[in-house]
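> Supplied in structure tokens, the structure appears directly below.
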Amino acid sequence: MLRFGINLLYRFYSGKWVEQPDLNAIPENVKRASEALCGVNLFTEEFQFPDKWISSIFSDISFRPVIPVGTYYPPNKIEENKIRFPSKIQGINKGNNEIAQRIKIYYDKLKENPDALLMILEKYGSFVPIGENSPISLYEHMKFLEAIRQCNNSYLLASADFSGIQSFIYTISSKGALKSLRACSFFLSLLSEHIVYEILKKQGLNRSSIIFSGGGSFCLLVPQNTQATLRDIKEKINSYFLHILGGKLYLGLVWSECEIEDLMSPNFRNKWAKIGNLLEEDKYKKFGDNLQDFLAVTMPKKLTNQDECQICHRDDCDVMEQLSDNGGQINVCHLCKEFFYLGDALTDYQYINRWENEPQIGYFLEIPSLNGNSYYWVDKKPNGTFHWIKNSFQPNDCWPSFTADYVTQDEKGDTADFQYLADKSEGKKLIGCLRMDVDNLGTIFSDRVDSNLFSPLALSALSKTLNLFFTIYMNLICEKQIDSPLLIQTENREERRPVSIIYSGGDDLLIIGAWNEVCELSLDIRRNFKKYVGDNEDISISGGAFLAHSKFPFYQMANFSGKAEEIAKRNYGKCIKEDCCEDYTKCPFYEPAPKPKCKRKDSGLLFYTPSREDKKRGLERDPKTKGRIETTLKWDEIECKVITPLENMYPIFKQNRETVISRSLIYRFFSLVDKWENDGILYLPLMAWVIERLKKISNAKVNSQIINLSSIVFNTKYMSSLYIPLTWLDLLKREGR
14 MLRFGINLLY RFYSGKWVEQ PDLNAIPENV KRASEALCGV NLFTEEFQFP DKWISSIFSD
74 ISFRPVIPVG TYYPPNKIEE NKIRFPSKIQ GINKGNNEIA QRIKIYYDKL KENPDALLMI
134 LEKYGSFVPI GENSPISLYE HMKFLEAIRQ CNNSYLLASA DFSGIQSFIY TISSKGALKS
194 LRACSFFLSL LSEHIVYEIL KKQGLNRSSI IFSGGGSFCL LVPQNTQATL RDIKEKINSY
254 FLHILGGKLY LGLVWSECEI EDLMSPNFRN KWAKIGNLLE EDKYKKFGDN LQDFLAVTMP
314 KKLTNQDECQ ICHRDDCDVM EQLSDNGGQI NVCHLCKEFF YLGDALTDYQ YINRWENEPQ
374 IGYFLEIPSL NGNSYYWVDK KPNGTFHWIK NSFQPNDCWP SFTADYVTQD EKGDTADFQY
434 LADKSEGKKL IGCLRMDVDN LGTIFSDRVD SNLFSPLALS ALSKTLNLFF TIYMNLICEK
494 QIDSPLLIQT ENREERRPVS IIYSGGDDLL IIGAWNEVCE LSLDIRRNFK KYVGDNEDIS
554 ISGGAFLAHS KFPFYQMANF SGKAEEIAKR NYGKCIKEDC CEDYTKCPFY EPAPKPKCKR
614 KDSGLLFYTP SREDKKRGLE RDPKTKGRIE TTLKWDEIEC KVITPLENMY PIFKQNRETV
674 ISRSLIYRFF SLVDKWENDG ILYLPLMAWV IERLKKISNA KVNSQIINLS SIVFNTKYMS
734 SLYIPLTWLD LLKREGR
């Protein structure tokens, strides 16, 4: 089936077959599936590709009766070093002899390797349309048909999800934190790759059986005789989690038999809901197969004469080892020691290597497999019995692995620690911790009006497109390999942002770094995500940032930035009722109580502090002062209420940086914000005096900025959020730790 897909791909770009296909050899169930999915019969000489560009998968998502303006992709290859944004203009498909020749070269070399053929299809066929006005590409279509062929008329839908991820990663202390955090994140991704590989290898299947994999979950379409393999790998992995990781992680893995009709009709919505319910039930009963271990009556043991592991805090490990960290010695368990060294190895690698027997190398990760144990490590070169290639669509004799692994290195080439990142900040030397994720993704998957989106193909396409943004494209955003990255101050800037990705994949992320870089980065991420989804208002991203000193415990940073993200996700908008839907009460984004609200969030909370939120809640109780503090804003409001004032205030501050008045000027503005919050418009006379004073101490170079600033501070709609750009400016002004 994949060879036929390459034939079609070559025909699209060149107008002819790379080799004459045997159309009579195509199984009947595959033909029926193809016709049901795209409305045309691919397996005839008469089949013709659509004339127009393929539409974006996001163009098909709308909860309003009026379909949003479509966005489209021209046929081309996927590039690892460039974000592919959709166009609002739909063009005409044209051939490309250069791409056709590349396809033929790869095909002649790799035609016997189905996984390599799938990589060819993904690289060159992800933007090739197969049906009129359909967002499903030739790659997704042929991948799914190959999965159906492999099932041989016996279908099983399997879904998996890890629970306990936050407690596994975010409870790490600040000792060796960055290295260990990145290693833990990599380990979770590796576990997904390992489990999927074990299942497919055991059943003799290729990667086409993967509907999606990323963000700590995966879904497979496999034959029904895979059930024993699924039970076996689930038992082995969860036993490993219980005994080696202390039960911090759990693999929820469920499956359900289905018919071909369930995969090609609106019945898939019900099938997917059933799988989701089974998965929730499984996670509620986690380690149910290991009850004897929990119920066994044993006396507590202190297994070593050392205290707890100073990274993960476990004290029940057989062996504690000593590790050098920033000139000191810390006690760590064996797994944390492996993670510590893995963290440095992750700064520069290209391959994930796997061995079936214990390798003769310094460090490795040991994970239970169906036939004993498997061993993994990363390197610049391929090694072992199998390997994955990082962030590459290059067709080869391996599997691709997409990961957001951007990291800042210190002068020695090691993973930069918190202190190093804080010292890279402009002004106050602080760490910023940013968490973001896509809004209402469950609603998009479950309540989408058009059932055509709810098919395995669209599920695969949507998951892949999102995961692509949060992995290799996130690296590009952090590298500033984008148009017009946000730079509040332009002098003495690093070529690359001094930040490190702890985790990014699926639909969410956690990034830490120099505080000002993290705040700017949050805007860059949102701007590019908005462009990536074609300005679709029904698909948005929200997030929150928390700032702290470099010695602040990381788990608290993660906790507070998580609270900021939660608050941002509760920033519902005003329901526009009939302007949105004729029967707006049936809109999935409708929130009726206490007042009609819209769950479209698209919000950010920068500089989160609990005290500021407490003050806001206090003012909200009094109708007279309600609305005088805004800590969370829609991203478009942040652009005009935070970035615009800041871009006008910063040049004024920079010009008056050394004057006595400038050092107190920001605090004068803070006091006026405080007066606004307590007394309302009575702040205006004092604000007029401050602006006049500012004009006297400034030169003509910043007159335009002062005029713009005046129009902002005399407008009460800006005063509720002026605290945010003032905080930003104040931190830029301060020096030292």
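Note that the working numbering numbers the sequence shown so that position 385 is 398, with each residue one more than the last. Glycine is no exception: its CB is placed at the ideal position from the N, C-alpha and C atoms.
My understanding is that Ile554 touches Phe542, with C-beta atoms under 8 angstroms, so please give their C-beta distance in whole angstroms.
Indexing the sequence shown from 1 puts residue 554 at position 541. Indexing the sequence shown from 1 puts residue 542 at position 529. That belief holds up - the Cβ atoms of Ile554 and Phe542 are roughly 5 angstroms apart, short of 8 angstroms.
> Check this for me: beta carbons of Phe483 and Leu522, under 8 angstroms apart or not?
For the purposes of this step, residue 483 is taken as residue 470 along the sequence shown, with counting starting at 1. For the purposes of this step, residue 522 is taken as residue 509 along the sequence shown, with counting starting at 1. Yes. Within cutoff.
> Quick check: what's the CA-CA separation for Tyr731 versus Ile725?
Working through the sequence shown from its first residue, we reach residue 731 at position 718. Working through the sequence shown from its first residue, we reach residue 725 at position 712. Their backbone Cα atoms lie some 6 angstroms apart in a straight line.
> Can you tell me the Cα-Cα spacing of Val686 and Asp450, whole angstroms?
Here the question's residue 686 lines up with position 673 in the sequence shown. Here the question's residue 450 lines up with position 437 in the sequence shown. Roughly 31 angstroms between the two C-alpha positions.
> Alpha carbon to alpha carbon, how far is Lys117 from Glu294? Give it in angstroms, no decimals.
Your numbering for residue 294 matches position 281 in the sequence shown. Your numbering for residue 117 matches position 104 in the sequence shown. Looking at the two C-alpha atoms, the distance is approximately 48 angstroms.
> For His326, report the span of its beta strand (DSSP E) as first-last.
As a working mapping, residue 326 is identified with position 313 in the sequence shown. No beta strand (DSSP E) holds His326; DSSP gives it neither H nor E.
> Three or more C-beta pairs closer than 8 angstroms, one from the segment 534–548 and one from the segment 602–613: is that the case here?
No: fewer than three Cβ pairs fall under 8 angstroms.
> Put Leu233 into one of helix, strand or coil per three-state DSSP.
Position 220 of the sequence shown, counted from the first residue, corresponds to residue 233. Reduced to three states, the DSSP call for Leu233 is strand.
> Residues in the same chain with beta-carbon distance under 8 angstroms from Tyr26, minus the five sequence neighbours each way, listed in chain order, please.
As a first step, residue 26 is located in the sequence shown; it is residue number 13 there, counting from the start. Result list for Tyr26: Pro88, Gly108, Asn109, Asn110, Ile112, Ala113, Ile116 and Tyr137, in chain order.
> Am I right that Ile39 and Ile133 are in contact with their C-beta atoms under 8 angstroms? What's the rounded C-beta distance?
Taking the first residue of the sequence shown as position 1, residue 39 is located at position 26. Taking the first residue of the sequence shown as position 1, residue 133 is located at position 120. Wrong, their Cβ atoms sit about 20 angstroms apart, outside the cutoff.
> For Gly526 versus Arg506, is the C-beta distance shorter than 8 angstroms?
For the purposes of this step, residue 526 is taken as residue 513 along the sequence shown, with counting starting at 1. For the purposes of this step, residue 506 is taken as residue 493 along the sequence shown, with counting starting at 1. No, they are not a contact pair.
> Give me whichever residues DSSP pairs with Gly18 in a beta bridge.
Position 5 of the sequence shown holds residue 18. In the DSSP output, where bridge partners are listed per residue, Gly18 has none listed.
> Measuring from the CB of Asp521, is there a heavy atom of the ligand PLP at a distance below 7 angstroms?
No copy of the ligand PLP appears in this structure; indeed no ligand is present at all.
> Any idea which residues DSSP pairs Ser27 with across the strands?
To locate residue 27, count along the sequence shown from 1; it is residue 14. Ser27 pairs with nothing; no bridge assigned.
> Check Pro601 in the structure and name its three-state DSSP category.
Walking along the sequence shown from the start, residue 601 turns up at place 588. Three-state result, Pro601: coil.
> Roughly how many angstroms separate the alpha carbons of Ile343 and Thr360, rounded to a whole number?
For the purposes of this step, residue 343 is taken as residue 330 along the sequence shown, with counting starting at 1. For the purposes of this step, residue 360 is taken as residue 347 along the sequence shown, with counting starting at 1. If I take the Cα positions, the gap works out to 22 angstroms.
> Can Asn480 and Gly227 be called in contact, C-beta distance under 8 angstroms?
Residue numbering aside, residue 480 sits at position 467 when the sequence shown is read from its first letter. Residue numbering aside, residue 227 sits at position 214 when the sequence shown is read from its first letter. In contact: Asn480 and Gly227 (Cβ atoms closer than 8 angstroms).
> Have a look at Ile457 and Glu550 and give me their C-alpha separation to the nearest angstrom.
Taking the sequence shown and counting its residues from 1, the one referred to as residue 457 is at position 444. Taking the sequence shown and counting its residues from 1, the one referred to as residue 550 is at position 537. So the two alpha carbons sit approximately 12 angstroms from each other.
> To the nearest whole angstrom, what separates the beta carbons of Lys403 and Ser387, a pair I think is in contact under 8 angstroms?
As a position in the sequence shown, residue 403 is number 390, starting the count at 1. As a position in the sequence shown, residue 387 is number 374, starting the count at 1. Going by Cβ atoms, the distance from Lys403 to Ser387 rounds to 18 angstroms, so no, they are not a contact pair.
> Among the candidates Lys65, Ser476 and Arg77, whose CA atom is the shortest distance from the CA of Cys588?
On the sequence shown, residue 588 is found 575 positions in, with the first residue counted as 1. It is Arg77 whose Cα lies nearest to the Cα of Cys588.
> How many angstroms separate the CA atom of Cys594 from the CA atom of Ser180?
To locate residue 594, count along the sequence shown from 1; it is residue 581. To locate residue 180, count along the sequence shown from 1; it is residue 167. Distance between the alpha carbons of Cys594 and Ser180: 41 angstroms.
> Can you grab the Cα-Cα spacing for the pair Phe431 / Asn584, in whole Å?
Mapped onto the sequence shown, residue 431 falls at position 418. Mapped onto the sequence shown, residue 584 falls at position 571. Each residue's alpha carbon lies about 31 angstroms from the other.
> If you drop the 5 nearest sequence neighbours on each side, which residues of the same chain put their C-beta closer than 8 angstroms to that of Lys249?
Residue 249 sits at position 236 when you count from the first residue of the sequence shown. The residues are Pro381, Ser382 and Leu383.
> Of all the options Lys599, Leu355, Glu492 and Phe175, which has the alpha carbon lying nearest to the alpha carbon of Thr421?
Here residue 421 corresponds to residue number 408 of the sequence shown, with the count starting at 1. Cα-wise, what sits closest to Thr421 is Glu492.
> Could you tell me which residues DSSP puts in a beta bridge with Glu145?
As a position in the sequence shown, residue 145 is number 132, starting the count at 1. DSSP output for Glu145 lists no bridge partner at all.
> In this structure, does DSSP put Asn370 in helix, strand or coil?
Counting from 1 along the sequence shown, the entry for residue 370 is found at position 357. Asn370 falls in the coil class under three-state DSSP.
> Suppose only complete runs of 4+ residues qualify. What are the alpha helix (DSSP H) ranges in the segment 135–210, listed by chain order?
Correct list: 151–164 and 178–182.
> How many whole angstroms separate the CB atoms of Lys261 and Gly144, which I take to be in contact at a CB cut-off of 8 angstroms?
Counting from one through the sequence shown, the residue named residue 261 turns up at place 248. Counting from one through the sequence shown, the residue named residue 144 turns up at place 131. Not quite, the Cβ-Cβ distance comes to about 45 angstroms (not below 8 angstroms), so this is no contact.
> Determine the extent of the alpha helix (DSSP H) in which Tyr297 is found, giving its start and end residues.
On the sequence shown, position 284 is the one that residue 297 refers to. Start and end: Asn280 to Tyr297.
> Tell me whether Ser226 sits in a helix, a strand or coil according to DSSP, three-state version.
The residue labelled residue 226 in the question sits at position 213 within the sequence shown. Strand.
> Over what stretch of residues does the alpha helix (DSSP H) that includes Cys271 continue unbroken?
Position 258 of the sequence shown, counted from the first residue, corresponds to residue 271. Note, Cys271: premise wrong, no alpha helix (DSSP H); beta strand (DSSP E) at Tyr263 to Cys271.
> Sorted by chain position, which residues of the same chain lie with C-beta nearer than 8 angstroms to Asn165's C-beta, five sequence neighbours on each side aside?
Working through the sequence shown from its first residue, we reach residue 165 at position 152. Same-chain partners within the cutoff: Pro236.
> Tell me Gln782's beta-bridge partners as DSSP assigns them.
Summary: the structure shown does not reach residue 782, with the chain confined to residues 14 through 750, and so no result is reported for it.
> Determine, using beta carbons only, whether Leu678 and Lys688 come nearer to each other than 8 angstroms.
For this step, residue 678 is matched to residue 665 along the sequence shown. For this step, residue 688 is matched to residue 675 along the sequence shown. Not closer than 8 angstroms, so no.
> According to DSSP, is His256 helix, strand or coil?
Counting from one through the sequence shown, the residue named residue 256 turns up at place 243. In this structure, His256 counts as helix in the three-state DSSP scheme.
> What does His400 pair with, by DSSP beta-bridge criteria?
Working through the sequence shown from its first residue, we reach residue 400 at position 387. Partner(s): Asn366.
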